[in-house]
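Okay, so the sequence shown: first residue is 2 according to the numbering used here, each after it adds one.
The beta-carbon is built from N, C-alpha and C at its ideal position, and this holds for glycine as well.
Because the structure is a prediction, the values reported are computed rather than measured.
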Amino acid sequence: MSSHFPFTAIDTTLFPTDYAAGRQRWLAQLAQLSGHQRHLPYPCAGVGPTGEALITDTVWLGPEQAAKVLVVIAGTHGIEGFAGSAIETDMLGLLAQGHITIPDHTAVLMIHALTPWGYAWQRRCDAYGVDLNRNVVDFAQPLPANAGYEQLRPALFLSDVRQRQAAFADFISQHGREAFESAISAGQYTDPVGPFYGGRAPAHGRLVAEALIDHYALHQRDLAVVDLHTGLGPFGYGEIICDHDPDSAGAAVASRWYGGSVTLPLLGTSTSVPKIGLLDFAWHRIMNARSCYVTLEFGTYRTLELFEVLLQDHLLWAQPDQSQARTAHRPVMRQHFCPDDVAWRQMVLVRARQVLVQALHGL
Ligand SMILES: [Zn+2]
2 MSSHFPFTAI DTTLFPTDYA AGRQRWLAQL AQLSGHQRHL PYPCAGVGPT
52 GEALITDTVW LGPEQAAKVL VVIAGTHGIE GFAGSAIETD MLGLLAQGHI
102 TIPDHTAVLM IHALTPWGYA WQRRCDAYGV DLNRNVVDFA QPLPANAGYE
152 QLRPALFLSD VRQRQAAFAD FISQHGREAF ESAISAGQYT DPVGPFYGGR
202 APAHGRLVAE ALIDHYALHQ RDLAVVDLHT GLGPFGYGEI ICDHDPDSAG
252 AAVASRWYGG SVTLPLLGTS TSVPKIGLLD FAWHRIMNAR SCYVTLEFGT
302 YRTLELFEVL LQDHLLWAQP DQSQARTAHR PVMRQHFCPD DVAWRQMVLV
352 RARQVLVQAL HGL
């Protein structure tokens, strides 16, 4: 084993109270770092609940000409940025204190709040209801169909939870559990108020990712991308999900770097089912055979609870004059995607250190 795990104190106060506080702490920690850095902020349309500006902050740490780059992405799904901010701020602190050093010929590109609107409003999607992680499709082509979603759609927003659950149980007994999860969450392009909606045009976060790829000529470098997520899988466990094709170089690289804990939705070994339009795909197409993209997904509560919490959120945003109810639902969203639980937060920070160090050493 050549990897050194940084054994220093875990600080769960790094989990912010809101987007603005998370951003401020991230910027303050960044200011503590010496060495070459380039901060590139990407403003996003709209404002947060208290009128705050919405910005995706990015920073390049290390030599401009680095042949290898660790890319850390937080807040692909807005509200999941709470954990993303904590993990990135923790890593900036470890770098500032010298507990982690960036190897030679290597740089770190950190992306904070890739969907800042969703982070600020404590939603998973952007201001248009778009799930960035279903948005990377070719909008010039006919959009993918999801027949299961259309079949379940009439049941999704039933106000009677028991009726909805009965419809779900029916679907599961007919088609199986995986088909059910795919129907709801694989992605859909027909229902802008529904969950897991991929949109009609490239979203802010996709445009930022593509701009960064261009700006830093990332197609010419070896890449380790770690995209930080929460809300799916066993409580506190950080699953390394690899959406590369199982026979691809990317999948081989992932298992070499991260070992036996890598799971592949296409092999059925992941808590995630295969999905349409993942952000991964914007990077897969520019990656060489020494690179890979993984999602580090921290589990919280059961998948059925995830669907309930999200459906309630989408229902409130589909109706007019619900601003009080929406505000009241924010802590429910927050609890699902960033549990108020010290042990969960410790597990997240410890595991993230482990995986980010594996990525640096893998490169
Ligand atoms: Zn996510």
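Any non-hydrogen atom of ligand 1 within 7 Å of residue i CB
| i | result |
| --- | --- |
| G278 | no |
| G94 | no |
| T77 | yes |
| E309 | no |
| E81 | yes |
| N134 | yes |
| H216 | no |
| H220 | no |
| H230 | yes |
Proximity of residue i and residue j at Cβ, strictly below 8 Å
| i | j | result |
| --- | --- | --- |
| Q355 | F6 | yes |
| A114 | G76 | yes |
| I11 | R135 | no |
| N147 | A97 | no |
| L297 | G232 | no |
| A108 | W118 | no |
| R24 | D58 | yes |
| A68 | D223 | yes |
| L357 | M111 | no |
| A84 | V349 | yes |
| T90 | Q33 | no |
| L312 | P155 | no |
| F299 | G239 | yes |
6 Å Cβ shell around residue i - same chain, five flanking residues per side excluded
| i | result |
| --- | --- |
| A253 | none |
| H40 | V60 |
| A353 | I88 |
| V263 | I241, C243, A255, S256 |
| Y259 | I241, Q359 |
| Y150 | A184, Q189 |
| T9 | H100 |
| T116 | G76, G79, D127, L133, G206 |
| D228 | I74, T77, T296 |
| F158 | L316 |
| Y294 | V226, D281, W284 |
| T14 | none |
| E81 | H230, T231, F338 |
Same chain, Cβ closer than 8 Å to residue i, five either side skipped, listed in chain order
| i | result |
| --- | --- |
| V194 | G130, H315, W318, A319 |
| L279 | N134, R135, V137, D244 |
| V310 | V333, M334, H337 |
| S3 | Reliability fails at S3, whose pLDDT of 43 lies under 50, so the model's placement of it is uncertain and no value is given. |
| P1 | Since the first residue shown for the chain is 2 and the last is 364, residue 1 is missing from the structure and cannot be characterised. |
| G47 | L55, W118, A128 |
| A326 | L317 |
Cut-off 7 Å between Cβ atoms - residues of its own chain near residue i, not counting five sequence neighbours on either side
| i | result |
| --- | --- |
| L364 | K69, L71, T107, D223, A225 |
| V282 | According to the sequence shown, residue 282 is Phe rather than Val. So the qualifying residues of the chain are V137. |
So, does the region 206-215 touch the region 263-273, judging by three or more C-beta pairs under 8 Å? no
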